[in-house]
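Chemist:
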Amino acid sequence: MGFKLFNTLTRTAQDFVPLDPAGRRVGLYCCGPTVHDFAHIGNFRTFVFTDLVRRYLEFRGYAVTHVMNITDVEDKIIKRVREQQTTLRAFTGKYEAEFLRDLDELRCVRPHHTPRATEYIAEMIDLIARLLARGIAYQAADGSIYFSIDKYRGCGCCYGQLVKLNFDAMRVGERVASDEYAKESLADFALWKARVPEDGDVFWTSPWGEGRPGWHIECSAMSMKILGPSFDLHLGGEDLMFPHHEDEIAQSEGAGVQQPGQRFVKYWMHGAHLLVEGKKMSKSLGNFFTLRDLLAKGFTGREIRFVLLSGHYREQFNFTLESLTGARTALARLDECVAKLRELAGATNGIADAALLGQITAVLDEDLNVSGAWGLVFDWIRDTNRVLAAGNATAAQAANALATWTTLDTVLGLGGKSDTEAPPEILALLEARQAARKAKDFALADALRGELNSHGWVIEDTPKGPRLKRSA
RNA sequence: GGCGGGGUAGCCAAGUGGUAAGGCACGGCUCUGCAAAAGCUGCAUUCGUCGGUUCGAUUCCGACCCUCGCCUCCA
Numbered sequence: 089m090g091f092k093l094f095n096t097l098t099r100t101a102q103d104f105v106p107l108d109p110a111g112r113r114v115g116l117y118c119c120g121p122t123v124h125d126f127a128h129i130g131n132f133r134t135f136v137f138t139d140l141v142r143r144y145l146e147f148r149g150y151a152v153t154h155v156m157n158i159t160d161v162e163d164k165i166i167k168r169v170r171e172q173q174t175t176l177r178a179f180t181g182k183y184e185a186e187f188l189r190d191l192d193e194l195r196c197v198r199p200h201h202t203p204r205a206t207e208y209i210a211e212m213i214d215l216i217a218r219l220l221a222r223g224i225a226y227q228a229a230d231g232s233i234y235f236s237i238d239k240y241r242g243c244g245c246c247y248g249q250l251v252k253l254n255f256d257a258m259r260v261g262e263r264v265a266s267d268e269y270a271k272e273s274l275a276d277f278a279l280w281k282a283r284v285p286e287d288g289d290v291f292w293t294s295p296w297g298e299g300r301p302g303w304h305i306e307c308s309a310m311s312m313k314i315l316g317p318s319f320d321l322h323l324g325g326e327d328l329m330f331p332h333h334e335d336e337i338a339q340s341e342g343a344g345v346q347q348p349g350q351r352f353v354k355y356w357m358h359g360a361h362l363l364v365e366g367k368k369m370s371k372s373l374g375n376f377f378t379l380r381d382l383l384a385k386g387f388t389g390r391e392i393r394f395v396l397l398s399g400h401y402r403e404q405f406n407f408t409l410e411s412l413t414g415a416r417t418a419l420a421r422l423d424e425c426v427a428k429l430r431e432l433a434g435a436t437n438g439i440a441d442a443a444l445l446g447q448i449t450a451v452l453d454e455d456l457n458v459s460g461a462w463g464l465v466f467d468w469i470r471d472t473n474r475v476l477a478a479g480n481a482t483a484a485q486a487a488n489a490l491a492t493w494t495t496l497d498t499v500l501g502l503g504g505k506s507d508t509e510a511p512p513e514i515l516a517l518l519e520a521r522q523a524a525r526k527a528k529d530f531a532l533a534d535a536l537r538g539e540l541n542s543h544g545w546v547i548e549d550t551p552k553g554p555r556l557k558r559s560a
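Under the working numbering, the first residue of the first sequence is numbered 89, with each subsequent residue one higher.
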């Protein structure tokens, strides 16, 4: 009966019980984009997944506070700011705005808060100061502040909660930045990076000198500032489990700001990555798509959302162009059904079908089995069409069905297809064709039909007369 | 090497110890002046391979094959 979520911390599906004693308010944090470029379709899988979590929580009656950070200071950003001789804010502002537009395009509900890392430097410095005071962090010879995994463990804390780690068997990564040679231990990570000449104007002052924050600290500082030291849900892509989320836990819990017995985050959820055309997305394979690449190919954000939402979030998902085409057909079927219901219902108000909503809730309760939900939705479409086709559906029935769909769609977030009214000249062509048909001048009628087609409109001749539809 | 996911029809993808949802594609039908559109309908004796447990396994166990991801700033 309860809502179950797979918690990476326990590696099991657990009943979702909010920290709020009243069981109503829920804090949700999702690691957002690093705004150094346009986000790609893989990034958006995670954000659409987060959107589903949020919408479903709200559907379940929770009052969600949804936070998504904007990482607007980081190595790649600094590099590009320098290359393009622009300012940090001008550079990141552009990609941030584009990112939010993309989210809208995908019909994701905007988070309540989208804090920028650069606006929480003071909070990060406070957190680092706490860690230094507790002896868990140290300043190295290069002036940077690092988090000591050893010291953290010495406090009885566990490092390696989301993933099993075996440092001895770990490969020594080549990715360790050269400026991090000063670390006491390879596993330690930077909280504060001392300023280097390449940083240019990108630096802040701190008690430990000029510099900039490390990667992980921003999420700890911003999430705890906005949601409190302990909150319910933290989401992100699977690649963030380690080191990013592991380090977030270490910093946040190492700072000792939680109430006794409380964790930093109660439920960690991770979305699996996307494959594109069966392969890992990469620019060299030509299967690397940003959202705008797909829009440019003529697909809509709605179609892309549908595809991204067709598989379970913890399964690796194979994204293909063919599936986008399929989404178009499937959505057209849904739209057609809803349009017919709307026509029949008129101004009648309906009541949602509790039985169907109950079934959908039951499948989504199982760790968001969205594929199961689609199955039910399409079964419902077929049943509804049968009734509609029989021709004896009442306005009240249609209104009820419509209300059911409207409720379901608060979770799925597909919205309606934007209906475009046919302009007068198109309507005139339609009338002319009807006249020609009546006069049995089929040659003229077909010519007019062709002309309508060339203007992007298709005629659907129904027993009740012709309907105009915008062709895809 | 360490750790963790997967392998279900042409493609995508759910699911269950009791005999395989759904979507796309494809075939048939209805409608139509013809079409189109739309709708209805059909479409896996079978769930990577081989063993085992069981009255019964795709579902549990073992081995193997294949595949994907993470292993220090990538969603």
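Cβ coordinates follow ideal geometry from the N, Cα and C atoms, glycine included. Note that the structure is predicted; figures quoted are calculated from it, not measured.
What distance in whole Å lies between the Cβ atoms of L215 and S308, which are believed to be in contact at a cut-off of 8 Å?
Modeler: That pair is a contact at about 6 Å.
Chemist: Mind checking whether L444 and T492 have CB atoms under 9 Å apart?
Modeler: For L444 and T492, yes; Cβs fall inside 9 Å.
Chemist: Extract the residue ranges of the beta strand (DSSP E) inside the region 299 to 344, only unbroken runs of 3 or more that lie entirely within it.
Modeler: Whole beta strand (DSSP E) segments, 3+ residues: 299 to 301, 319 to 325.
Chemist: Quick one: grab the DSSP three-state call for V284.
Modeler: V284 falls in the coil class under three-state DSSP.
Chemist: Go through its chain and collect everything with a Cβ distance to F387's Cβ below 7 Å, but skip five positions before and after it.
Modeler: Cβ within range, chain order: L412.
Chemist: In chain order, what residues of the same chain have a beta carbon less than 7 Å from the beta carbon of G261, not counting five sequence neighbours either side?
Modeler: Residue confidence is low: G261 scores 44 on pLDDT, short of 50, so the model does not pin down where it sits. Its coordinate-derived value is still stated next. Correct list: empty, nothing qualifies.
Chemist: Just to confirm my understanding: we take Q447, look at its own chain, exclude 5 residues before and 5 after, and list those with CB closer than 7 Å. What are they?
Modeler: These residues qualify, in order along the chain: L464.
Chemist: At which residues does the beta strand (DSSP E) containing R558 begin and terminate?
Modeler: R558 -> beta strand (DSSP E) spans 553 to 558.
Chemist: Quick check on DSSP: helix, strand or coil for I547?
Modeler: Correct three-state label for I547: strand.
Chemist: With distances taken Cα to Cα, identify the nearest neighbour of N157 among G244, E306, G90.
Modeler: Closest by alpha carbon: E306.
Chemist: What first and last residue would you give for the beta strand (DSSP E) that runs through G359?
Modeler: Note, G359: beta strand (DSSP E), 353 to 359.
Chemist: Only counting the same chain, and skipping five residues up and downstream in sequence, which positions put a Cβ closer than 7 Å to that of D287?
Modeler: The answer, listed in chain order, is I166, R300.
Chemist: Alpha carbon to alpha carbon, how far is A210 from G231?
Modeler: Cα to Cα, the separation comes out at about 18 Å.
Chemist: Short of 8 Å in beta carbon distance, which residues of its chain neighbour T472, apart from the five on each side in sequence? Order them along the chain.
Modeler: Taken in chain order, the residues that qualify are C425, L429, A489.
Chemist: Just the C-alpha distance for N457 and L362, rounded to the nearest angstrom, thanks.
Modeler: In a straight line, the C-alpha of N457 is about 17 Å away from that of L362.
Chemist: With respect to the beta strand (DSSP E) encompassing V169, which residues constitute its N-terminal and C-terminal limits?
Modeler: Segment 163 to 171 is the alpha helix (DSSP H) holding V169; no beta strand (DSSP E) there.
Chemist: Does the distance from the CB of E539 to the CB of L556 come in under 9 Å?
Modeler: No; because the gap between Cβ atoms is not below 9 Å, this pair is not in contact.
Chemist: Around the C-beta of K281, are 16 or more other C-beta atoms found within 10 angstroms, so that it is buried, or is it exposed?
Modeler: Buried, because 16 or more other Cβ atoms sit within 10 Å of the Cβ of K281.
Chemist: Is it the case that the region 133 to 148 contacts the region 110 to 124, given that we only count it when at least three CB pairs across the two stretches are under 8 Å?
Modeler: With a cut-off of 8 Å, the region 133 to 148 and the region 110 to 124 count as touching, because enough Cβ pairs lie within range.
Chemist: How many angstroms separate the CA atom of G531 from the CA atom of A524?
Modeler: Note that residue 531 is Ala in the sequence shown, not Gly. Roughly 8 Å between the two C-alpha positions.
Chemist: Using the beta-carbon count (16 or more within 10 Å), is Q404 buried or exposed?
Modeler: That one is exposed.
Chemist: Give me, in chain order, the residues of the same chain whose beta-carbon lies closer than 8 Å to that of E33; leave out the 5 immediate sequence neighbours on both sides.
Modeler: With the chain running from 89 to 560 in the structure shown, residue 33 is simply not present.
Chemist: With DSSP as the reference, label M212 as helix, strand or coil.
Modeler: Helix.
Chemist: Is DSSP giving T153 helix, strand or coil here?
Modeler: Correct three-state label for T153: strand.
Chemist: Please state the DSSP three-state secondary structure of K385.
Modeler: The answer is coil: DSSP assigns K385 none of H, G, I, E or B.
Chemist: Starting from the C-beta of R380, find all residues in its chain whose C-beta is less than 7 Å away, skip the five residues before and the five after it, and write them out in chain order.
Modeler: So the qualifying residues of the chain are F126.
Chemist: What is the residue span of the alpha helix (DSSP H) that Q522 lies within?
Modeler: 512 to 526 is the extent of the alpha helix (DSSP H) around Q522.
Chemist: Could you give the first and the last residue of the continuous alpha helix (DSSP H) run that contains G115?
Modeler: Premise fails: G115 lies in the beta strand (DSSP E), 113 to 118, not in any alpha helix (DSSP H).
Chemist: For P511, which option in V475, T498, R558 has the closest C-alpha, if you only look at C-alpha atoms?
Modeler: Among V475, T498, R558, the Cα nearest to that of P511 belongs to R558.
Chemist: Which first and last residues belong to the alpha helix (DSSP H) in which D467 is found?
Modeler: Note, D467: alpha helix (DSSP H), 458 to 478.
Chemist: Which of helix, strand or coil does DSSP assign to W493?
Modeler: Helix.
Chemist: Out of H304, R283, V169, which has the shortest C-alpha to C-alpha gap to S294?
Modeler: Ranking H304, R283, V169 by Cα distance to S294 puts R283 first.
Chemist: Can you give the Cα-Cα distance for L321 and V353, rounded to whole angstroms?
Modeler: Rounded to the nearest angstrom, the two C-alpha atoms are 6 Å apart.
Chemist: Kindly indicate which three-state DSSP category N437 falls into: helix, strand or coil?
Modeler: The answer is coil: DSSP assigns N437 none of H, G, I, E or B.
Chemist: Have a look at D276 and G242 and give me their C-alpha separation to the nearest angstrom.
Modeler: Each residue's alpha carbon lies about 14 Å from the other.
Chemist: Identify, in the order they occur along the chain, each residue of the same chain with its Cβ nearer than 8 Å to the Cβ of E146, setting aside the five sequence neighbours on each side.
Modeler: For E146, where only same-chain residues beyond five positions count, the Cβ hits under 8 Å are V152, T498.
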